[in-house]
Amino acid sequence: MNWNQLKTILWLRWRLSRNQFTRGGALNAVLKTLGLIGGIMLVVAAGIGGVAAGAFGLPQAPPNITIMIWDVMIGIFLFAWLIGVLVEIQRSEAIDLARLLHLPVSLQGVFVMNYLAAHVTFSLMLFLPATLGICLGLLCSKGLVMILLVPLVFSFIFMITAWTYCLRGWLVTMMVNPRKRRNVIVIATLVVVLLGQAPNLYINVFMRHRPKAHQTTNNNSTPAQPAGNREMLPPGYVAAHKYVPFLWLPKGATALMAGDAWPAVWGSLGAFLLGAAGLARAYQTTLRFYRGQTEATPGKPQVIAATSASAGAPRKNYLEKKVPFVTEEVAGLFLAFTRSLSRAPEIKMALVTNVIVIVVVGGMVFSNTKNAPGPTISLFIATTAIAGTFFGLIQVLFNQFGYDREGFRALVLLPAARRDVLFAKNLSFAPLVGILGLVLLALITILFHLSPLVLIACCLQLVAMFLLISIATNFFSILTPYRIASGSMKAAKPPAKVILMIILTQVLFPVLALPIFIPPTLGFVSEKLGWLSAPIVDVLLSLLLLALAATLYRLSLGSLGRFLEKREKDILLIVSHEAE
Amino acid sequence: MSFAIETKGLTRRFGNVCAVDTLDLQVERGRFYGFLGPNGAGKSTTIKMLTGLLAPTSGTMTILGENVNDPAKAREVKRHIGVVPENLALFDNLTAREYLTFIGRMYLLPLPTVRERCQELLTMMNLENEEKKLTMEYSHGMKKKLALAAALIPNPELLFLDEPFEGVDAVASRVLRDILKRVVDRGATVFLTSHVLEIVEKLCTDVGVIAKGKLVYQGSMQEVRASGTLEETFIKAVGGEDHAPQKLSWLES
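Those protein sequence lines, which keep their order, are chains A and B.
Using the working numbering, read the first sequence as starting at 699 and increasing by one per residue.
Using the working numbering, read the second sequence as starting at 333 and increasing by one per residue.
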C-alpha cells in the first residue's frame, strides 16, 4: 500500500464519520459537537492531571498505594477498551477486508491500516495523555530514570491493542454466519457486563459473607504492619504483578519510583514481544479468513440433506399449534412471535441481565439485612421484586417492532387487524414475564416466608403491571421505533430524539411501576390504623388494580391498533433497512 | 370493465424528489402485467403504494374494486393478494416451514391445507433440505424463493411481484414461470416488475413502462409485437434512443 492509497483510506474513514455526523440532524450535530468538546477537554485534563499526579502526588504516596493507583487506572482503561471492542465488532460501516480487497491493495496493507485505525478510541485517547502526563511529572520529580516508563507504557498499549485486535479478528470470523454473529455479540456483551459487575459482586455479595473470618485472622496475626508497607497487600496480589502481563506496567512503574529499573525494562521487553506475537496471530487469523479456512465441516449440510430427504411426511411444527381462547390470527401471530423470541439472543441477554441485577441488588440487600424483615416490609420487598421482573426487558418492550427488522414488512402486508398484532405481541412476552416473575416470587417466598395471601397479591400485581406496562410499551413502540441493525443489538445510527426517548423510557419505568405499590402501601396504612391486616388489603386492592388494568388495556387496544395502522408505513421505513 | 388495479393521479414525493408522478394505471383482471422501467423510475415505489407498504402523497388506488386509501378496506383487500416486495418480508428467527405456516394461518387457511401447501412449495423451491436453517442464514436467492412461496400459499387473486426472478436459480425460475402462467390461466392477475425483458416478453399479456415517475407506455403484448420487439418499445418509451453512443476513448488505448 503506497502513500496515496493510505491517504485515500484515511480520507474514507473521515468521510464515513463526517457523513454520519452531518446526516443525523441538527440536534444530533449539536449533541455530538458538545460531546466532542467535552471529550477534548477531558483529554487535556487527563494530560494535565497526569503531569500533576506524577510531579506532586505519586512521589509522596507509599508503594502499595502507587501500585493500586496504577492497577485502578489499568482496570478502568481495560474495561473501557473492551466496551470499545464490543461496539466496534457491531459496526456495520467498518472498513473491512471484503470492501477493500477487490481494489489494488495488499492484504498486509489493509491489515496494518485496520490495526492502526483500531487505536482511534476514546479510551486510548484518554489513557495515553494521562499516562504520558504521569511519566512527564515523574520525570520532573524523580529524575531521568523515569524515562524508562515511556517505552513501558507504549509496550503495554501495543500488547493490549494487538491481542484485542486478535480477539476481534477471531470474533469477526465467527460472526460470518448471521446466527452465530448475534450469539457472539450477546456472549461478548455478557462477559463485559459480568466483568463490570465483578467488583460489585465480589464486594457486596461474596466479601460480606466472610467478615468474621477476616476479623479472626486479623486478631490472630502479629501486630498490624505499618501503613505503606508492601506486605499490607495480599501476597497473591503482589505475585500477580509478576506473572500477569497487563500488571507489568504498575509493577514496573512502582519499581522505577523505588529506583529499580529492571522490572520496567523486562516489562517493556516482555509486553513488546507478547504484542508482536498477538499481532502475528491476528494476521494469521486474517489470512485464514481471507483464504476461507475458517468454515466448519463441509460435510454437515449433506448429512442434514440426507436426513431431511429420508424424513418423508412433513413434521408438525411449532407454528401449527392450537392456542386456546384466541382467534386464529392472534394464535398465528402469537406463535410466530414467541418462536422468534425464543431464538432471539437479545431476549436471552435480557434474561441474564435480569439474573445479574437480581444477584447484585439482592446480594446487597440481603447482606445489609441483619434481621429478617417483618411481614409488612416483606410486602414491599415482594412488590419491588415484581417490578424488577421487567427491568431487563425494558429496551425490548419499548421497541417491539425494532427487533422485527425486515419481518415488520410481513406484518404490514398481513390482513390481520392491528389490535390483534398488538395483542399477540404483548401475549408473546407473557410467558417470559410469567416465568421470570414466578421464579423471583418463589425465591422471595423462600427467603421471607411470604404468606399465601401476599403471594396471591404479588401474582395479581404481576399481571396488572404487565398489562399497564403493555399499554405504555405499545404506545412508545408505535411512536418512537428505532432500527436495530441486523446481526446486532444496538440501535443503528440513532438520531438524538431516539437517544432521548431511550433515556426517557428508562426514567419512565419506575413511574409505570408506581401503581403496583398502591396496594401494599394502603395495606400498610390500614394495618397501622388498626383496620384490616396489610395482606388482606394488599390482595383486595391488587385484585381491583388488576381489574382496572385489564379494563384500561382492553380499551387501549382499539385506539392503539388504529394508531399502529396509521403509523405502520412510517415504522416500516424506520425499522427496516429502507431507512438507510 | 373490471380492473384488478386502477390508480388515478397516484403520486409519491420524497422531499423534493417526485418518485411517482400522477400515475394513472389500469390493469384488467386475469392479465399478466409487466411493469417496466429503468433504475429509479418508480416501479418499486408504485408496488409499495399499491400493497400498502408506502403511503401515497396524493391520488387514489383501487385494488380488486376496493379503494385501498381507506385502511380498513386495504386490510380486507390484503386477504386476496400475495406480495413479493423489493426488500423481502421475512422474520429472521423462523425457519422456512415455520414462516410459510405463519403466513398460511394468517390467511385463515385450514391447518391441513397449510401443511400440504408448505410441503409442495418447499419442494418446488428446493428449500426442503434447508429445514434447520433460519431465514437469516439464507442466501438472497433462497430468501427470494421463500418470499415467492409465501406469496403463493394463500392462492391469491392478485399477485404483486417486484423483481421475482432476480437471484433465483434457473430451475426455480422455470418452475416459477410455469406456476405464474397457471395462476393467470385460472383467472388471477399478476403484476410484475422485472429488468429481464425476455421474461416479460415470454410471460406477460400487457406491459406498462414508467420513466421518471410517469407512465410513458401502456399496451398489450400484441401491440408491442406489432411494432417490433419489447426492447425497442422500451428504449423508445424511456427515451433511450436519444442517448448517443458514448465513446470511452481511454478504453481503446
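For every residue, glycine included, the Cβ atom is placed at its ideal position computed from N, Cα and C.
Going by DSSP, what residue range makes up the beta strand (DSSP E) through residue 944(A)?
Run containing residue 944(A): none; DSSP gives neither H nor E here.
So residue 396(B) and residue 409(B) are supposed to be a Cβ contact under 8 Å. How far apart are they, rounded?
6 Å
So that I know if they touch, is there some Cβ in chain A lying closer than 9 Å to that of residue 424(B)?
yes
What distance in whole Å lies between the Cβ atoms of residue 965(A) and residue 949(A), which are believed to be in contact at a cut-off of 8 Å?
7 Å
Would you check if the distance between the CB atom of residue 1180(A) and the CB atom of residue 1054(A) is smaller than 9 Å?
Remark: C-beta atoms of residue 1180(A) and residue 1054(A) do not approach each other more closely than 9 Å.
Between 857(A), 987(A), 831(A), which has its C-alpha nearest residue 848(A)'s C-alpha?
831(A)
Going straight from the alpha carbon of residue 1075(A) to that of residue 1211(A), what length do you get?
For residue 1075(A) and residue 1211(A), the distance between alpha carbons rounds to 18 Å.
Could you tell me the distance, in whole angstroms, from the CA atom of residue 530(B) to the CA atom of residue 503(B)?
16 Å
When you compare the CB of residue 1129(A) with every CB in chain B, is at least one pair closer than 9 Å?
So, not an interface residue.
Express the C-alpha separation of residue 1140(A) and residue 1114(A) in angstroms, rounding to a whole number.
38 Å
List, in chain order, every chain A residue whose beta-carbon is nearer than 7 Å to that of residue 387(B).
1267
Suppose you measure from the CA of residue 489(B) to the CA of residue 565(B); what does that come to, to the nearest Å?
29 Å
Between the CA atoms of residue 1042(A) and residue 811(A) - distance to the nearest angstrom
34 Å
Can you tell me whether residue 433(B) is buried or exposed? The criterion is at least 16 other CB atoms within 10 Å of its CB, across all chains shown.
buried
Give the interface partners of residue 373(B) over in chain A, defined as CB-CB distance under 7 Å, in chain order.
What residue 373(B) touches in chain A: nothing, since even the nearest Cβ is about 17 Å away.
Report the CB separation of residue 1106(A) from residue 1262(A) in whole angstroms; it is logged as a contact under 8 Å.
Actually they are not in contact, since the Cβ atoms of residue 1106(A) and residue 1262(A) sit about 11 Å apart, beyond 8 Å.
Please list the partners that residue 1274(A) has in chain B, where partner means a Cβ-to-Cβ separation under 7 Å.
419
Which residues in the same chain as residue 1090(A) place their Cβ atom closer than 7 Å to its Cβ, once the five residues preceding and following it in sequence are excluded?
1048, 1049, 1051, 1052, 1055
Is the segment 1193 to 1208 of chain A in contact with the segment 1154 to 1164 of chain A, if contact means three or more CB pairs nearer than 8 Å?
no
Determine whether the beta carbon atoms of residue 1166(A) and residue 1135(A) lie at a separation below 9 Å.
no
Nearest to residue 742(A) (by Cα), restricted to the options 775(A), 773(A), 828(A), 814(A)
828(A)
Rounded C-alpha distance that separates residue 753(A) from residue 835(A)
C-alpha separation (whole angstroms): 4 Å.
Local Cβ density within 10 Å of residue 989(A), reported as buried at 16 or more and exposed below that
exposed
According to DSSP, is residue 371(B) helix, strand or coil?
coil
Hey, does residue 434(B) have any beta-carbon neighbour from chain A nearer than 9 Å?
yes
Sequence ranges, alpha helix (DSSP H) only - wholly within the segment 505 to 585 of chain B, length at least 4:
529 to 535, 553 to 558, 562 to 570, 581 to 584
For residue 350(B), which beta-bridge partners are listed by DSSP?
345(B)
C-alpha gap between residue 450(B) and residue 1104(A), whole angstroms:
Between residue 450(B) and residue 1104(A), the alpha-carbon positions lie close to 21 Å from each other.
Count the other C-beta atoms from every protein chain shown that fall within 10 angstroms of the C-beta of residue 941(A), then say buried if there are 16 or more, exposed otherwise.
exposed
Reduced DSSP secondary structure (H/G/I, E/B, other) of residue 1171(A)
helix
Quick one, which residues of the segment 1107 to 1139 of chain A are near chain B if we go by CB-CB under 9 Å, in chain order?
1107, 1108, 1109, 1110, 1111, 1112, 1113, 1114, 1115, 1116
At 7 Å on the CB atoms, spell out the chain B contacts of residue 1180(A), in chain order.
What residue 1180(A) touches in chain B: nothing, since even the nearest Cβ is about 17 Å away.
Taking the alpha-carbon positions, what's the residue 506(B) to residue 468(B) distance?
25 Å
Extent of the continuous alpha helix (DSSP H) to which residue 984(A) belongs
Counted as a single uninterrupted DSSP element, the alpha helix (DSSP H) harbouring residue 984(A) occupies residues 960 to 988.
Looking only at its own chain, which residues have a Cβ that is under 6 Å from the Cβ of residue 550(B), when we skip the five neighbours before and after it?
540
Taking only beta-carbon positions, decide if residue 403(B) is within less than 9 Å of chain A.
yes
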